[in-house]
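Colleague:
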Amino acid sequence: MKITYDKKADAKYIYLKKGKINFTKKVKDWLLFDYSKNGEMLGIEILNASKNFANFMNSHKKFSVSLNIK
């Protein structure tokens with residue numbers, strides 16, 4: 926797993942697995958999930974990350990614990 930941050934776009938991307946992205950599911954205006962052709966989640970994009978990353982981590986406590994991120 927790898928997390929990147931683009932300052933200019935204020936976007937964080939959490940790489941969960943390697944693979945080719947087949948489709949993206951918009952969960953919220955600022956939260957996008959990328960999936961493979963087989964439906965495996967490959968990554969998560971968080972837009973306006975300076976504001977929304979904390980919201981994402983707080984609303985996905987099980988996720989944050991499994992990643993060891995606070």
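Note that the working numbering has the sequence shown beginning at 926, numbered continuously upward.
Ideal Cβ placement from N, Cα and C applies to all residues, glycine included.
Just to confirm, are G968 and F978 a CB contact at a threshold of 9 Å?
Modeller: no
Colleague: Assuming contact is defined by CB atoms lying nearer than 9 Å, are N983 and W955 in contact in what I supplied?
Modeller: no
Colleague: Within its chain, find whatever has a CB closer than 6 Å to the CB of K950; leave out the 5 residues flanking it on each side and keep chain order.
Modeller: F958
Colleague: Taking only three categories from DSSP, how would you classify A934?
Modeller: coil
Colleague: Any idea what DSSP makes of M926, helix, strand or coil?
Modeller: coil
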